[in-house]
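To start, the structure under review is shown below, and the notes come after it.
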Amino acid sequence: MWGKIASLAICLAASLPVAAAADGALGSGPLRASVSPSSSHPPIPTVQDMRNVSITAGLAGLGYEPIHPAQVEAEIAEWMRQARPVQVNIPKLPGPPIVVNANVGPPEVFLQLASGATATLVPITYFSGRGEPLSKFIQHVPDVVTFTEGSHTWYLRSAPLYAWLMDGGWQREFQLAH
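According to mature numbering (1 follows the signal peptide of the UniProt record, and there is no 0), the stretch in the sequence shown is residues -21 to -1, 1 to 157, in order.
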């Protein structure tokens, strides 16, 4: 769990493998990400490919499991099937990485696949500046989630999946893991 929190802190420190956006400058307000269509097509798992779904969320990075796993797996598979691949350019924040000792990011979905691999889905989150409170510099890319399987990362535009994670809709379908 703490490794995930550290991983998220690194992710939030803008170390994602994407290029800087040209429209953001430190003196002109917060840095903003840009999104454009992509021709890459990630290997979207079907409901038959999923063996287990869980979510990590909250400042302490608590684990949650679905109340009705088959229903949640079908929902996620459909949202991913309908998602459109995009390219995301996140501006790189100058200076040393920002390290946060808590899970300040949005909920993260973990998919255990039939192949034995683990895939993750998480709304894109990054810091657009430095200062206090740090929370005012946390930015999200609307309707876009990061889909990672192994060492491969893709960006998917899925308004329903993004809203379900960001607006807390998932909480009605999950319970604390035992």
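Every residue, glycine too, gets a C-beta built ideally from N, C-alpha and C.
Who are the Cβ neighbours of residue 45 in its own chain at under 7 Å, not counting the five residues just before and after it? By 1-based counting over the sequence shown, the position of residue 45 is 66. Closer than 7 Å at Cβ, skipping near neighbours: 32, 51, 152, 153.
Beta-carbon within less than 8 Å of residue 110's beta-carbon, same chain only, minus the 5 sequence neighbours each way: which residues are those? Here the question's residue 110 lines up with position 131 in the sequence shown. Excluding residues within five positions, the ones whose Cβ falls inside 8 Å are 116.
Cα separation between residue 145 and residue 121? Looking up residue 145 in the sequence shown gives position 166. Looking up residue 121 in the sequence shown gives position 142. Straight-line Cα distance between these residues: approximately 10 Å.
Buried or exposed: where does residue 136 fall if 16 or more other Cβ atoms within 10 Å of its Cβ makes it buried? For the purposes of this step, residue 136 is identified with residue 157 of the sequence shown, where counting begins at 1. By the 10 Å Cβ count, residue 136 comes out buried.
Looking at the strands, I want to know which residues DSSP matches up with residue 13. Residue mapping note: residue 13 aligns to position 34 of the sequence shown, counting from 1. Partner(s): 68.
Out of 21, 139, 78, point me to the one whose CA is closest to residue 114's CA. Within the sequence shown, numbered from 1, the residue matching residue 114 stands at position 135. Of 21, 139, 78, the residue nearest in Cα terms is 78.
Would you mind giving the Cβ-Cβ distance between residue 98 and residue 125, rounded to the nearest angstrom? I have them listed as a contact below 8 Å. Stepping through the sequence shown from its first residue, residue 98 is reached at position 119. Stepping through the sequence shown from its first residue, residue 125 is reached at position 146. Their Cβ separation, rounded to whole angstroms, is 11 Å, which puts residue 98 and residue 125 out of contact at 8 Å.
Give the secondary structure of residue 120 by DSSP, where H, G and I count as helix, E and B as strand, and everything else as coil. As a working note, residue 120 is residue 141 in the sequence shown. Strand at residue 120.
Compare the Cα-Cα distances from residue 212 to each of 56, 38, 132, 84 and report the closest residue. Nothing about residue 212 can be read from this structure; the chain reaches only from -21 to 157.
Count the other CB atoms, across all protein chains shown, that sit within 10 Å of the CB of residue 118; report buried if there are 16 or more and exposed otherwise. For the purposes of this step, residue 118 is taken as residue 139 along the sequence shown, with counting starting at 1. Classified as buried, residue 118 has 16 or more neighbouring CB atoms from the shown chains inside 10 Å of its CB.
Taking C-alpha atoms, which residue in 147, 141, 92, 84 lies nearest to residue 30? For this step, residue 30 is matched to residue 51 along the sequence shown. Looking at the Cα atoms, 92 is the closest of the given residues.
Measure the Cβ-Cβ separation of residue 104 and residue 86 and say whether it is below 8 Å. As a working note, residue 104 is residue 125 in the sequence shown. As a working note, residue 86 is residue 107 in the sequence shown. No, the Cβ-Cβ distance between residue 104 and residue 86 is not below 8 Å.
Quick one: grab the DSSP three-state call for residue 24. Counting from one through the sequence shown, the residue named residue 24 turns up at place 45. Residue state for residue 24 is assigned as coil, using DSSP reduced to three classes.
By DSSP's criteria, residue 33 is part of a beta bridge. Which residues make up the other side? Residue mapping note: residue 33 aligns to position 54 of the sequence shown, counting from 1. Per DSSP, 89.
How is residue 102 classed by DSSP in three states: helix, strand or coil? The residue given as residue 102 occupies position 123 in the sequence shown. DSSP places residue 102 in strand when its eight states are reduced to three.
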